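K.L.:
Input: one structure, supplied below.
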Amino acid sequence: MTLRIALAVLVGGGIGLAVGSLGKSAGGQCLVLCNPYVSTVVGVLVGLMLARALEPTDLTPTSKNVLVIEGPDALEAAVAGSGKVALVEFYTVRCPACRRQMSVLGEVADDFVGRATIAVANVGHVREVARRLDVSGVPTSFVHLPRRRAGGETGGLPRQSESDRSPGAPPASGGRAARTQRRAGGAASVRLIIVGGVAGGMSAATRARRLDEHAEITVFEKGEHVSFANCSLPYFIGGTIADREELFVATPQRLRTRFNLDLRIRHEVTHLDRDRKQVTVRDLSGERTYTEAYDKLVLAPGAVPIRPPIPGIDDPAVYPLRDIQDMDRIDRAADEAAGGRAVVIGGGFIGLEVAEALVARGLQVALAEMFPQVMAAALDPEMAAPVHRELRGKGVELHLANAATAIERSADELTVLLKDGTALPCAFAVLGVGVRPNTRLAEQAGLEIGETGGIRVDEHLRTSDPDIYAVGDAIQVTDYVTGRPTRMPLAGPANRQGRIAADNVCGLDSTFRGVQGTAIVKVFDLAVANTGPNEKTLRELGVPCEKIYIYPANHAGYYPGAQTMMLKLIFSAEDGRVLGAQIVGGEGVDKRIDVLSTAIQARMTVYDLEESELAYAPPYGAAKDPVNMAGFAAANCLRGHVNILHADDIPPDAVVVDVRTPGEFKRGHVPGALNLPLDELRERLDAVPRDGPLVLICWVGVRSYIASRILVQKGFDAVNVSGGYRTYRQFYPALADARD
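Residue numbers (the numbering used here): -11 to 728.
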């Protein structure tokens, strides 16, 4: 540094003296030009300034104010404890140690915002690091020292050809040359690009890193958040989750640091060139475009909310709910509309959760659903009936079989118009009508699209291009029960798919079995769950199936707090294989739906359910668990121990015998039914009609089952109504009261 200053002073002073002498001899009037003494002093000062400019922060390896960090392990401690400038030399992004150091540097930037000064050497090779530091708020200087290879040898390093990338783009991390890089064992390192984050994309990225420490993994995420709990968004709106930060499963910097990922948020992949094996990327922050090459590609673009093609649907006060930004908008709208009214369009999972959240915020809520029931894709109509009662009981204004046809604006208010002419004025509306797969990139690249509209993949999650995989909400998958193609936008399958795709990218042979749609949703005080196809779907497909209804308690009835659940089990009429289940109730629903989901995966039968050994203690279950009870009822049916009839199939001219007590009978019964209490049946057999089959019914089907066993062995032709009068009321909601 002393030599640099001395040279600057001599050169500056010499130039100043020469200029002053020349000016004086020419008769100039300017003080600086004509006076050799003054011009020499000015020249010295200019020389000093130039010396300082050439070394702006005195960042040389010999400076007393600078720590030269030799490796990533020393970086954090040095920056945190020294109070000095940390000079970090990046020799090449092809060096694994330097890539690791890059990640550590990023984490330090997060932890010491505004309190640490970091100088980055040779940033021409690591512009992405410079960009990250620039937005982190850490004071940063950039120094160009002689470049060194990973082993420490001084010399130039090969750069990516400028012709291989668009102007202004960060150099690709090695380009095609990187794909020929050799690991310690001699195997080539794979360059993996993942388009999209959240469940599928980040599962693929982190699994790939765990399997291959040497892979170059780049994740492009169009949004600002790459890993967040999108299923929890309604619970933040409703106030159940108070801390917004709790929604972020992992921050971008944590993912970069822990998994050494080249993670680029607000970067949209706009084009996929399969022939050249590269993607075109638009940096949404800097509005620049560049290309990146890949060996393997995983598409995880997710889905986009459906916007019905109705007038006014694009009004800014009509909100979807798909990401953090959507959640924030709805949260602000709920604040501004405090005490007012909101309309939810759509009665699926999201629609129901948002309706509850807005009620919790003190808003008046109307829900419009085009189908005659909520959760039409998951539940059969009779299972949706108690959900309707719960919604209405909690103040939700429910409009079923009544689609929104238009949205009109008047001053600061919206009006949602329904098919029957009903007008619903509101402060804002939320769309919950479902999602469609985001297949834009796949279609542009010519990948095959399935008949359901999702990207077609095989059991390895490989698309029609062997080097491209696809996962998550954008793909078409196989229904595990029916074997038919379907789409299933759920977080659980997306996570598993990401893992399986990464396995195959890294050389493992992993396959995806398919989906069965296991799901659960909280609707105020109800838990509503399903697994496997519903009865409607199986009937449409011509699958021979049978069903039973039971109403068990979640744990022993004598233990305080027992809650009843309504359980519908659907099974094969041929071999008893479990095909599907739906449960509506309180505590314990989640446990039973998971057991039944596992039974479907294992291709178990109702006879297996009879023998299932499940945990029992009075606070948690019963000696005969609800799953066992479902197996007993279904197996009795298949073995011929009871002939069942379903509540919606009772013939108008049937002889119906209700075996409940007279008091129960008076509170509601099937029209024309005869009341013969079970405990009096044996003594009153002469009162039982013998001219034709008898339809026996009680409250939930247990007492009428016992009655049928008595009467059949006495020579009567009797059938039992599965699920009893309680289920009958689900098919005929006008008969329902509040005594469930």
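Beta carbons: idealized from backbone N, C-alpha and C, even for Gly.
Computed from a prediction, not measured in an experiment: that's the story for all the values here.
(1) Pick out whichever of Asp263, Asn616, Gly573 has its Cα sitting closest to the Cα of Ala372.
(2) Compute the Euclidean distance between the alpha carbons of Val456 and Val286, then round it to the nearest angstrom.
(3) What's the gap between the Cα of Gln148 and the Cα of His448?
(4) Could you name the residues that DSSP lists as bridge partners for Asp467?
(5) Between Val503, Arg627, Gln551, Gly442, which has its C-alpha nearest Leu514's C-alpha?
(6) Could you pull the DSSP bridge partners for Met358 from this structure?
(7) Is DSSP giving His543 helix, strand or coil here?
(8) Check whether the segment 411 to 423 touches the segment 334 to 343, counting contact only when three or more Cβ pairs, one atom from each stretch, lie closer than 8 Å.
(9) Let me know the secondary structure DSSP gives His202 once reduced to three states.
(10) Skipping 5 residues on each side, what residues in its chain have a beta carbon closer than 7 Å to that of Asp636?
(11) Going by DSSP in three states, Phe704 sits in which element: helix, strand or coil?
(12) Start and end of the beta strand (DSSP E) containing Asn518?
(13) Using the C-alpha atoms, what's the distance from Gly530 back to Val577?
(14) Report the start-end ranges of each beta strand (DSSP E) in the segment 258 to 318 that is 3 residues or longer and not cut off at the edges.
(15) Pull the bridge partners of Phe416 from the DSSP assignment, please.
(16) Between Ala623, Cys219, Val257, which lies nearest to Arg428 when the distance is taken from Cα to Cα?
(17) According to the Cβ coordinates, are Gly211 and Asp319 closer than 8 Å?
(18) Looking only at its chain, what residues have a beta carbon closer than 7 Å to the beta carbon of Tyr693, apart from the 5 residues adjacent to it on each side?
(19) Excluding five sequence neighbours on each side, which residues of the same chain lie with their C-beta closer than 6 Å to the C-beta of Val511?
(20) Just to confirm, are Leu584 and Thr519 a CB contact at a threshold of 8 Å?
(21) Using the beta-carbon count (16 or more within 10 Å), is Pro535 buried or exposed?
(22) So for Arg717, helix, strand or coil by DSSP?
(23) Comparing alpha-carbon positions, which option in Cys533, His634, Arg655, Ala706 lies nearest Arg678?
(24) In terms of residue numbering, what span does the beta strand (DSSP E) encompassing Gln570 cover?
(25) Which residue wins for smallest C-alpha separation from Leu412, given the options His387, Pro425, Gly434, Leu567?
(26) Give the straight-line distance between the Cα atoms of Asp261 and Pro721, rounded to the nearest whole angstrom.
(27) Assuming Pro425 is part of the beta strand (DSSP E), what are its boundary residues?
(28) Taking the straight line between their C-alpha atoms, what separation do you get for Arg655 and Glu370?
(29) I'd like the span of the alpha helix (DSSP H) that includes Asp376, first residue to last.
(30) Does the segment 435 to 446 come within contact of the segment 293 to 312, defined as at least 3 CB pairs closer than 8 Å?
(31) Between Thr593 and Gly564, which are expected to be in contact by the criterion C-beta below 8 Å, what is the C-beta distance as a whole number of angstroms?
(32) For Pro222, count the other beta carbons within 10 Å of its own beta carbon; 16 or more makes it buried, fewer makes it exposed. Which is it?
(33) Check each candidate in Gly438, Pro640, Lys579 and name the one with the smallest Cα separation from Asn426.
(34) Nearest by alpha-carbon distance to Leu402: which of Tyr539, Cys414, Val683, Val342 is it?
(35) With DSSP run on the structure shown, which of helix, strand or coil describes Gly712?
(36) Threshold first: 4 residues or longer. Then list the alpha helix (DSSP H) segments lying entirely within the segment 621 to 654, N to C.
P.N.:
This is what the structure holds:
(1) In the sequence shown, the residue the question calls residue 372 occupies position 384. Nearest of Asp263, Asn616, Gly573 to Ala372, Cα basis: Gly573.
(2) For the purposes of this step, residue 456 is identified with residue 468 of the sequence shown, where counting begins at 1. For the purposes of this step, residue 286 is identified with residue 298 of the sequence shown, where counting begins at 1. Rather than Val, the amino acid found at residue 456 in this sequence is Ile. The straight-line gap from Cα to Cα measures roughly 6 Å.
(3) Position 160 of the sequence shown, counting from 1, holds the residue named residue 148. Position 460 of the sequence shown, counting from 1, holds the residue named residue 448. At Gln148 the pLDDT is 31, less than 50, meaning the model places this residue with poor confidence; the figure from the coordinates comes in the next sentence. Here the alpha carbon of Gln148 sits roughly 34 Å from the alpha carbon of His448.
(4) Along the sequence shown, read from residue 1 onward, the residue named residue 467 stands at position 479. Beta-bridge analysis with DSSP links Asp467 to Val503.
(5) In the sequence shown, residue 514 corresponds to position 526, counting from 1. Looking from the CA of Leu514, the closest CA among Val503, Arg627, Gln551, Gly442 belongs to Gln551.
(6) Residue numbering aside, residue 358 sits at position 370 when the sequence shown is read from its first letter. Met358 is not bridged to any residue.
(7) Stepping through the sequence shown from its first residue, residue 543 is reached at position 555. DSSP places His543 outside both helix and strand once states are collapsed to three, so it counts as coil.
(8) Contact between the segment 411 to 423 and the segment 334 to 343 is established, with three or more Cβ pairs separated by less than 8 Å.
(9) Counted from its first residue, the sequence shown places residue 202 at position 214. Three-state result, His202: coil.
(10) Working through the sequence shown from its first residue, we reach residue 636 at position 648. Setting aside the 5 residues that flank it on each side, Asp636 is surrounded in the same chain by Phe719, each with a C-beta closer than 7 Å to its C-beta; the list follows chain order.
(11) In the sequence shown, the residue the question calls residue 704 occupies position 716. Looking at Phe704 - three-state DSSP - the assignment turns out to be coil, as it is neither helix nor strand.
(12) Working through the sequence shown from its first residue, we reach residue 518 at position 530. Its beta strand (DSSP E) spans residues 514 to 519.
(13) Residue numbering aside, residue 577 sits at position 589 when the sequence shown is read from its first letter. Residue numbering aside, residue 530 sits at position 542 when the sequence shown is read from its first letter. Their Cα atoms are separated by approximately 29 Å.
(14) Within the segment 258 to 318, the complete beta strand (DSSP E) segments of 3 residues or longer fall at 266 to 271, 276 to 281, 284 to 287, 291 to 293, listed in chain order.
(15) One-based indexing of the sequence shown puts residue 416 at position 428. Partner residues in the beta bridge of Phe416, as assigned by DSSP, are Ala330.
(16) As a working note, residue 428 is residue 440 in the sequence shown. Among Ala623, Cys219, Val257, the Cα nearest to that of Arg428 belongs to Val257.
(17) Here residue 211 is taken as the residue at index 223 of the sequence shown, counted from 1. Here residue 319 is taken as the residue at index 331 of the sequence shown, counted from 1. Cβ atoms of Gly211 and Asp319: not closer than 8 Å.
(18) By one-based count along the sequence shown, residue 693 stands at place 705. Val630, Asn708.
(19) Translated into the one-based positions of the sequence shown, residue 511 becomes position 523. The answer, listed in chain order, is Leu340, Val375, Glu378.
(20) Reading the sequence shown from its first residue, position 596 is the one you call residue 584. Reading the sequence shown from its first residue, position 531 is the one you call residue 519. Using a Cβ distance threshold of 8 Å, Leu584 and Thr519 count as a contacting pair.
(21) The count along the sequence shown starts at 1 and reaches residue 535 at position 547. It is Lys, not Pro, that sits at residue 535 in the sequence shown. Buried is the call here.
(22) In the sequence shown, residue 717 corresponds to position 729, counting from 1. The answer is helix: DSSP assigns Arg717 an H, G or I state.
(23) Walking along the sequence shown from the start, residue 678 turns up at place 690. Among Cys533, His634, Arg655, Ala706, the Cα nearest to that of Arg678 is on Ala706.
(24) Position 582 of the sequence shown, counting from 1, holds the residue named residue 570. Element bounds for Gln570: 566 to 573.
(25) Here residue 412 corresponds to residue number 424 of the sequence shown, with the count starting at 1. Cα-wise, what sits closest to Leu412 is His387.
(26) Here residue 261 refers to the residue found at position 273 of the sequence shown. Here residue 721 refers to the residue found at position 733 of the sequence shown. Approximately 56 Å between the Cα atoms of the pair.
(27) For the purposes of this step, residue 425 is identified with residue 437 of the sequence shown, where counting begins at 1. Looking at the DSSP string, the run of the beta strand (DSSP E) that includes Pro425 is 423 to 425.
(28) By 1-based counting over the sequence shown, the position of residue 655 is 667. By 1-based counting over the sequence shown, the position of residue 370 is 382. Our two residues, Arg655 and Glu370, have alpha carbons roughly 20 Å apart in a direct line.
(29) Counting from one through the sequence shown, the residue named residue 376 turns up at place 388. Before going on, a small fix: residue 376 reads as His here, not Asp. In the DSSP assignment, His376 falls within the alpha helix (DSSP H) that extends over 369 to 381.
(30) The segment 435 to 446, when compared against the segment 293 to 312, does not touch it at the 8 Å Cβ threshold.
(31) Residue numbering aside, residue 593 sits at position 605 when the sequence shown is read from its first letter. Residue numbering aside, residue 564 sits at position 576 when the sequence shown is read from its first letter. Contact between Thr593 and Gly564 is confirmed by a C-beta separation of about 4 Å, below the 8 Å threshold.
(32) To locate residue 222, count along the sequence shown from 1; it is residue 234. By the neighbour-count criterion, in which a residue is buried when 16 or more other Cβ atoms sit within 10 angstroms of its Cβ, Pro222 is buried.
(33) For the purposes of this step, residue 426 is identified with residue 438 of the sequence shown, where counting begins at 1. When only C-alpha atoms are compared, the closest one is Gly438.
(34) As a working note, residue 402 is residue 414 in the sequence shown. Ranking the options by Cα distance to Leu402, first place goes to Cys414.
(35) Locating residue 712 in the sequence shown gives position 724, where the first residue counts as 1. Helix.
(36) The segment 621 to 654 contains these whole alpha helix (DSSP H) runs: 650 to 654.
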